[in-house]
Amino acid sequence: MTKPLLEMQGLRKQYGTVEVLKGVDCTMRQGEVISIIGSSGSGKTTMLRCINMLEEFQGGRILIDGEAIGYDEIAGVRRRKSEKEIARQRALTGMAFQQFNLFPHLSAAQNVMLGLIKVKKMSRDEARVVAEQWLGRVGLSARADHYPGQLSGGQQQRVAIARAIAMNPRLMLFDEVTSALDPELVGEVLQVIKGLAAEGMSMLLVTHEMRFAYEVSSRVIFMNQGVIVEQGDPKEMFLRPGTERLAEFLKSSSFQ
Amino acid sequence: MGYTLNFAAVWRSFDLLLGGLLLSLELAAVALVIGAAIGLVVAFALAGGPAFLRRPAQLYVTVIRNLPILVLILFTYFALPQLGIRLDKNPSFVLTLAIYAGAYLAEVFRAGLLSVPRGVKEAGLAIGLTPMQIRTSLVVPLMIRNVLPSLSSTLISLFKDTSLAAAIAVPELTFEARKINVETFRVIEVWTVTSALYVVTCAVLAALMRLIERRLAIPK
Amino acid sequence: MNDLMLFLNEVWIARLALLRGLGVTVSISLLAILAGSLLGVGVGLGLVYGNRLLRLVFRGYTDIIRGTPVLVLVLASYYIFSTVGLDLGPFQAGVLALAVFCSSHVGEILRGALQAIPIGQTEAAKAIGLTFGQTFGSVLWPQALRQILPTWVNTAAEMVKASTLLSVIGVAELLLRTQEIISRNFLSLQFYFLAGFLYFLINYGIERLGKYVERKTAVPS
Chain L
1 MTKPLLEMQG LRKQYGTVEV LKGVDCTMRQ GEVISIIGSS GSGKTTMLRC
51 INMLEEFQGG RILIDGEAIG YDEIAGVRRR KSEKEIARQR ALTGMAFQQF
101 NLFPHLSAAQ NVMLGLIKVK KMSRDEARVV AEQWLGRVGL SARADHYPGQ
151 LSGGQQQRVA IARAIAMNPR LMLFDEVTSA LDPELVGEVL QVIKGLAAEG
201 MSMLLVTHEM RFAYEVSSRV IFMNQGVIVE QGDPKEMFLR PGTERLAEFL
251 KSSSFQ
Chain F
1 MGYTLNFAAV WRSFDLLLGG LLLSLELAAV ALVIGAAIGL VVAFALAGGP
51 AFLRRPAQLY VTVIRNLPIL VLILFTYFAL PQLGIRLDKN PSFVLTLAIY
101 AGAYLAEVFR AGLLSVPRGV KEAGLAIGLT PMQIRTSLVV PLMIRNVLPS
151 LSSTLISLFK DTSLAAAIAV PELTFEARKI NVETFRVIEV WTVTSALYVV
201 TCAVLAALMR LIERRLAIPK
Chain X
1 MNDLMLFLNE VWIARLALLR GLGVTVSISL LAILAGSLLG VGVGLGLVYG
51 NRLLRLVFRG YTDIIRGTPV LVLVLASYYI FSTVGLDLGP FQAGVLALAV
101 FCSSHVGEIL RGALQAIPIG QTEAAKAIGL TFGQTFGSVL WPQALRQILP
151 TWVNTAAEMV KASTLLSVIG VAELLLRTQE IISRNFLSLQ FYFLAGFLYF
201 LINYGIERLG KYVERKTAVP S
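What follows is the structure, encoded as structure tokens:
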């Protein structure tokens with residue numbers, strides 16, 4: 001048994017008095033592709049964002065390669081790490097967003113290069129080479145010097161994925177990356193993700209694409225009301241849901 | 001009546017007017033640079049700074065925006081020496097204009113900062129940029145593009161406000177014009193020419209700013 | 001403590017001068033905003049509904065006025081009128097300059113507001129058989145007015161600030177009175193501060209009024 005890549009232990013998160021994560025425990029090994037499913041408000045996106053410290057969390061721990069993310073605990077006192085340290089830890093994970101969130105004033109290549117230059121301290125030329133290589137991998141070599149406003153949604157999302165992957169993260173987080181796309185553009189993005197999965201990239205995906213989750217994941221996690229209700233092999237779970245809730249959810253999400 | 005136009009006297013002193021105009025532009029430029037620096041810091045405090053910074057920032061903006069600039073100019077030049085702060089005419093004026101402009105620019109920049117989408121900042125965080133890197137590489141470049149039109153009108157207002165330096169005898173355009181007026185009595189001519197110089201310069205500044213706007217525009 | 005007593009004593013001595021100055025400041029501002037707004041409505045209508053020539057003339061007028069510093073307008077008005085033999089005193093010449101300045105602002109604000117009204121409004125009014133006059137009076141003007149009222153209130157604050165420029169041509173408004181008082185007692189710090197405080201009070205009041213008007217005029221939605 002290899003050391004886990006990601007561990008979540010009793011993860012708790014609240015907005016004011018509303019508890020959105022009520023103690024999530026989860027372990028993920030290197031190379032796993034895990035899809036997180038569940039209805040909206042189940043806490044799945046929030047959980048993903050906690051891993052990248054885009055959300056503060058109030059209880060529990062998140063470890064990547066055994067390293068505690070976001071907070072230090074010294075003699076029982078929990079303290080947020082310095083911004084610099086958190087920035088370094090964020091670079092361990094890559095993230096793709098529902099709304100792409102490309103930097104609108106930078107070309108596709110510059111979007112990919114920014115992190116390489118500022119965080120990885122590459123020279124401009126080195127960064128350009130890496131950027132072009134990754135844009136090629138997502139099928140956008142010809143669009144390297146286009147600006148986000150000049151690209152379709154699917155192309156923007158592929159640039160965003162290239163931007164995250166180019167940082168060479170330990171783990172990729174995908175937050176409903178196809179939800180904002182026109183139906184005919186969904187396929188090209190899923191194709192890119194499938195390619196990454198086939199190469200052994202560790203991935204955590206929040207998704208509404210049940211067919212895709214079924215095909216690509218090594219494990220599926222079903223969340224409801226801030227806790228993990230059920231997890232396991234997608235073939236098992238989708239065909240023989242172990243809980244009433246999952247069965248209902250699958251029925252409502254039109255997975256046949 | 002019996003007034004006949006005669007521009008000869010004004011043309012003879014035209015280099016004085018041009019010299020005044022150049023000084024006006026210089027005063028406005030320096031005030032803009034200092035004012036923009038003040039405005040940027042204050043804007044960051046206004047848009048999401050901690051309360052102990054936000055309150056004084058808000059106070060600064062409210063007080064300055066509700067004061068006539070002439071009162072500020074006279075205060076800095078004539079009253080501050082009573083506290084031992086003695087400045088020459090030009091630095092005294094530029095400093096006042098910069099502090100004045102800072103309050104207006106802070107409002108302009110604040111609106112610009114709020115217009116930068118949260119997702120862009122989050123994407124910056126996600127690739128491991130520090131908050132400071134996000135400010136310099138993402139937020140400020142996007143904000144500047146958003147505020148260029150308001151920045152343009154602030155620059156033009158600043159340029160026009162340099163006329164008030166005449167009140168403390170800074171030899172800028174209005175001061176020179178008034179001097180020529182008193183010396184030559186070519187009243188209509190001198191004010192027509194002076195006004196024309198201001199109008200044309202404002203138009204040129206506006207055109208320049210539009211050019212910059214077009215150069216910085218994000219391709220769509 | 002002694003300094004404060006001295007200052008308060010000087011304020012007491014100068015109270016009438018200060019009050020008169022304040023009165024003049026308020027009169028200048030009120031006259032300028034009223035005359036300027038009347039003129040400005042004409043300018044705004046000319047900019048939107050005038051024929052090509054009229055639009056050109058008004059465009060030139062607003063561009064020239066807005067491209068010229070108010071102080072230059074004040075000085076030009078003061079010197080030029082006395083030269084051509086129209087004997088306006090400094091007060092009239094100054095108020096006239098401010099009114100002209102105000103009119104170019106109001107004209108632009110009104111133009112912007114009228115042009116922001118969707119063309120569909122005019123078409124809808126035509127469709128129910130309103131004449132242009134009726135359309136303007138009961139459809140366009142009320143909408144434009146709502147839009148410009150808050151900005152217009154802020155223009156009033158601009159006028160109060162600009163009224164200080166009349167001190168340069170010798171109108172005894174608050175700032176000139178303050179300077180006269182200082183030349184007698186040399187308390188420049190205290191009296192400039194006092195003047196600043198009074199201007200702040202007036203303008204802050206107008207600013208609050210503007211916010212109030214903005215809330216009141218908002219169309220319920």
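Chains as they are written, first to last, in UniProt numbering: chain L, 1 to 256; chain F, 1 to 220; chain X, 1 to 221.
Where a beta carbon is used, it is the ideal one built from N, C-alpha and C, also for glycine.
Per DSSP, M113/L is one residue of the alpha helix (DSSP H) stretching across 108–118.
For A28/F, the closest of L155/F, I180/F, T201/F by C-alpha to C-alpha distance is L155/F. Look at A91/L: its C-beta is under 8 Å from a C-beta on chain F. Among the residues facing chain F, R163/L is included, as its CB has a counterpart in that chain under 8 Å away. With the criterion set as a beta carbon lying under 8 Å from some beta carbon of chain L, the members of the stretch 105–118 of chain F are P117, in sequence order. Q99/L is not a Cβ neighbour of A164/L, given a cutoff of 8 Å. In the structure shown, F97/L adopts coil according to DSSP, grouped into three states. Residues of chain X whose Cβ lies closer than 9 Å to the Cβ of Y3/F are, in chain order, T83, V84, G85. Within a 10 Å sphere around the beta-carbon of P118/X sit fewer than 16 other beta-carbons, which makes this residue exposed.
Contact annotation: the stretch 159–168 of chain F touches the stretch 85–94 of chain F, with at least three C-beta pairs closer than 8 Å. Not one beta carbon of chain X lies nearer than 8 Å to the beta carbon of S13/F. For T68/X, there is no enclosing alpha helix (DSSP H), as DSSP gives it neither H nor E. The Cβ of A144/X sits no closer than 8 Å to any Cβ of chain F. Counting the other CB atoms within 10 Å of its CB gives A127/L a total of 16 or more, which places it among the buried residues. Within the model, the alpha-carbon separation for F7/F versus L18/F is close to 16 Å.
Interface with chain X (8 Å Cβ-Cβ cutoff): I188/F is included.
In the DSSP annotation of this structure, the continuous segment of the beta strand (DSSP E) that includes V18/L starts and ends at 18–28. Assigned with DSSP and collapsed to three states, M122/L falls in coil, not helix or strand. Under the rule that a run must span 3 or more residues, no beta strand (DSSP E) segment is found entirely inside the stretch 125–174 of chain F. L189/X is the residue among L189/X, V24/X, T217/X, Y79/X whose C-alpha sits nearest the C-alpha of L83/F. Within the stretch 78–104 of chain F, no run of beta strand (DSSP E) reaches 3 residues while sitting entirely inside it. A203/F is classed as exposed because its beta carbon has fewer than 16 other beta carbons within 10 Å across all chains shown. Only exposed fits V84/X, as fewer than 16 other CB atoms lie within 10 angstroms of its CB. For A31/F, no chain X residue has a Cβ inside 7 Å of its Cβ, as the nearest lies near 14 Å away. In this structure, the alpha-carbon of I148/X lies about 39 Å from that of I181/X.
Contact of R178/F with chain X by beta-carbon distance below 8 Å involves L75. When Cβ-Cβ separations below 8 Å define contact, N203/X makes contact with chain F. A103/F sits away from L46/F, with the two beta carbons spaced by 8 Å or more. Of the other Cβ atoms in all chains shown, fewer than 16 fall within 10 Å of the Cβ of E199/L; this residue is therefore exposed. M203/L is bridged by DSSP to V33/L, M172/L.
In this structure, DSSP gives K13/L an extended state, which the three-state scheme calls strand.
Considering only A93/X, A144/X, G107/X, V139/X, the residue with the shortest C-alpha distance to A116/X is A144/X. The CB of S188/X comes closer than 7 Å to the CB of F78, A79, Q82 in chain F, given here in chain order. Assigned with DSSP and collapsed to three states, D15/F falls in helix. As the crow flies, the alpha-carbon of R178/F is around 10 Å from that of E172/F. Of all residues in the stretch 137–156 of chain F, the ones placed with a Cβ closer than 9 Å to any Cβ belonging to chain L are S137, L138, P141, L142, R145, in chain order.
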